[in-house]
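J.:
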Amino acid sequence: MQVTTRDGSLLGYRVVAREFIQKSAFGDAAPDLFALDGQARLTLISCGGFYDPNAGGYQANVVVTAVPEGS
Numbered sequence: 001m002q003v004t005t006r007d008g009s010l011l012g013y014r015v016v017a018r019e020f021i022q023k024s025a026f027g028d029a030a031p032d033l034f035a036l037d038g039q040a041r042l043t044l045i046s047c048g049g050f051y052d053p054n055a056g057g058y059q060a061n062v063v064v065t066a067v068p069e070g071s
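What follows is the structure in structure tokens.
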């Protein structure tokens, strides 16, 4: 995938992981997802899993992790 920076430059990323995390477990996963140290990466988080309007909507998140091309 490519990300366009504010100055118009393109940065290339390669997807290395995709996982579903239940909303009930998301807090436990958050420190790893939002860590500021370690290898450079791009983390995309979206809604996913079963949609239950009575329980507040989607019951999971889809997490996609990508690293800079050439990593």
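Residue numbers for the sequence shown follow this note's numbering, beginning at 1 and rising by one. Cβ coordinates follow ideal geometry from the N, Cα and C atoms, glycine included.
Grab the span of the alpha helix (DSSP H) containing L33 for me, first residue to last.
T.: 23-33
J.: Using DSSP's beta-bridge definition, name the partner residues of G48.
T.: A60
J.: Which one of E19, Y13, A55 has the shortest CA to CA distance from S46?
T.: E19
J.: Using the rule of at least 16 other Cβ atoms within 10 Å of the residue's Cβ for burial, across every protein chain shown, is V15 buried or exposed?
T.: exposed
J.: Going straight from the alpha carbon of V64 to that of F34, what length do you get?
T.: Looking at the backbone, the Cα of V64 and that of F34 are separated by about 13 Å.
J.: Which one of T5, D7, Q22 has the shortest CA to CA distance from A60?
T.: Q22
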